[in-house]
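Notes to accompany the following structure.
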Amino acid sequence: MENNFRVGAAKYNITPSLDQARRLGPKGLATDVVNGLFARATVFDDGKTKAAIVLLDISEFFPNITEGIRNLASKWTDIPPENILVCATHTHSGAKVIDYDDPYDYGGVIVEYNEISEGVRLYLEMLYRWAASAIFLADSRLKPVRGKIGEISVPGIGRPRARMKDGSITSFTYASNIDSIDKSQIEYYSFYDDSLRIAVFEDMDGSPVCGLANFGCHNALAMGWTTLDSDFFGWAMDRVEEATGKRFVFSLMAGPEGNVHPAGLTEKTITPEEAASLVPVAGNILYEKIQKVWNNLEAFKTDKVSCVRKEVYFPAQQPIPIRAKNYLYRRGTAGCKQDENGVFSELQLIEIGELAILGLCGEVFHEIAFNLRKMSPFKYTWVASLCNDELSYLMPASEYKRDKESGKMNVQKEFAIPDETAETLIYETFKELFMKVK
């Protein structure tokens, strides 16, 4: 019965010491903490099944992080480990949680490690506890709620990558924006849906308890600067929480963002410091859109909670580009399940009544998300990137085909571990998961 539906939420600080920042200043330390980093947990309970989503202000991660959080949180609560979805906001200005040295910084050579570095290991040991603490607190705050849901267009932040007439790809960022190319040579822009999707849960008196949202754009305005910063996703989350009060927790999940960066705020190529200064601008755009759509949310059914997942083997690109090869090597050092031809990862679905949240293990292109929503039997379907694992980019097979025909490399192909079969594997797996819950 819907009356049995309960939700709880909590946040926990995961800001690292300055020397463990992903981006470091000249003294080997982050130069400032602009916005704190958090684990935000939401627990759902229909009286029979519990599921949890914990959103971390980190950039990339491997399954060892998911496993560490799941194992500890399931010991502290009665939530099964397989019912916990771990995801990232994809701030590029968070803690260093994997050992990654760009081969291009070392003359095209992969720097070898036999084990996780001490700094990363020590931070991860605390991250597991902090994230599990957020889940424990969220579980302890469960209360009866009603759900409201909606979406709104957010133009002006994201700019999708472009396929050029010579077959190459231009990915627009603050460091290489649209002013750096001849626009007459663009063949097409990749598909982009600028929708911000939001769900709010209110107690029986109509007071907001927590919220979830999903937006498909890289959370990466501050990525070239030397500060710790949850970026514009974090700025918007903090603002919503402060404005709402009463321990309200708002989790803004990374949607399908693989082909979109926040390069729409300006057409000019700018410096890392200038880009970081735009964090409040983009954050405020999101905040104002959240406030606007909040007043027009509609009730949705929350009568059932379920969670299904499946381990999937993703074949690696052949030949594998050196950056993807380096990423694969780092996964192996972290003890993740893989072989020389590919990786084992997982796809996950959390059902909250009429809403399905699909967790994908990488930076999803919008075209794949659009097709998943079309095939979904749910009234509302969100597609989340960077869930439980990070295989880098999850691209449509057609994009791989064009890349091969052009013979030109681009940053997405260069980092992506999976080959062109990933798209079909994703569709087939979610078709199976949909059948399990419907």
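All residue numbers for the sequence shown refer to numbering that gives the first Met the number 0, where the first residue is 0 and numbers rise by one.
Backbone N, C-alpha and C define an ideal beta-carbon position, used for all residues, glycine too.
This structure is a prediction, so every number in the text was calculated from the model and none was measured.
Exercise. Cβ-heavy atom distance between P79 and the ligand MG below 7 Å?
Worked result: This structure simply doesn't include the ligand MG, nor any ligand for that matter.
For this session: Below 7 Å CB to CB, which residues in the same chain sit around K288 once its five sequence neighbours on both sides are set aside?
Result: I151, V153, L195
For this session: Report yes if the C-beta distance between F369 and D192 is below 8 Å; otherwise report no.
Result: yes
For this session: Starting from T172, follow its DSSP beta bridges and name the residues at the other end.
Result: S175
Exercise. Which runs of the beta strand (DSSP E) spanning at least 3 residues fall entirely within the segment 37-120, listed in chain order?
Worked result: 37-44, 49-55, 83-87
For this session: Specify the secondary structure class of Y426 as computed by DSSP and reduced to three states.
Result: helix
Exercise. DSSP state of T14, grouped into three classes?
Worked result: coil
For this session: Could you tell me if Y122 is buried or exposed, where buried requires 16 or more neighbouring beta carbons within 10 angstroms of its beta carbon?
Result: buried
Exercise. Is the distance from the Cβ of G334 to the Cβ of N63 below 8 Å?
Worked result: yes
For this session: Provide the residue(s) that pair with C209 in DSSP beta bridges, ordered along the chain.
Result: F200, V248
Exercise. With distances taken between CB atoms, is the gap from G84 to I52 smaller than 8 Å?
Worked result: Note that residue 84 is Leu in the sequence shown, not Gly. Yes, the pair counts as a contact, with Cβ atoms nearer than the cut-off.
Exercise. Can you list, in chain order, the residues of its chain whose CB lies under 7 Å from that of D100, leaving out five sequence neighbours each side?
Worked result: V110
Exercise. For the candidate residues L136, F313, S189, whose alpha-carbon lies nearest to that of S344?
Worked result: F313
Problem set entry | Spatial distance of A442 from E241 (CA atoms) | In the structure as shown, the chain begins at 0 and stops at 437. Residue 442 is therefore absent and cannot be evaluated.
Exercise. Bridge partners of D337, per DSSP?
Worked result: Strictly speaking, residue 337 in this sequence is Gln, with Asp absent from that position. Per DSSP, V342.
Exercise. How close, in whole Å, do the beta carbons of H217 and V259 come, if the pair is a contact with beta carbons under 8 Å?
Worked result: 6 Å
Exercise. Closest by CA to P25, which one among W224, A50, Y188, F37?
Worked result: W224
Exercise. In terms of alpha-carbon separation, which member of F4, A355, P417, V410 lies closest to M203?
Worked result: F4
Exercise. Does DSSP put E297 in a helix, in a strand, or in coil?
Worked result: strand
Exercise. Under a three-way DSSP split, which group does I156 fall into?
Worked result: coil
Exercise. Would you call G406 buried or exposed, if buried means 16 or more other Cβ atoms sit within 10 Å of its Cβ?
Worked result: exposed
Problem set entry | Distance CB(S206)-CB(K164) smaller than 8 Å | no
Problem set entry | Helix, strand or coil at A421 [DSSP, three-state] | helix
Exercise. Among residues of its own chain, excluding the 5 on either side of Y328, which ones have a beta-carbon nearer than 8 Å to its beta-carbon?
Worked result: I109, E111
Exercise. Would K147 be called buried (16 or more neighbouring beta carbons within 10 Å of its own) or exposed?
Worked result: buried
Exercise. Who are the near neighbours of K378 in its chain, counting only those whose CB is closer than 6 Å to its CB and skipping five residues on each side?
Worked result: E353
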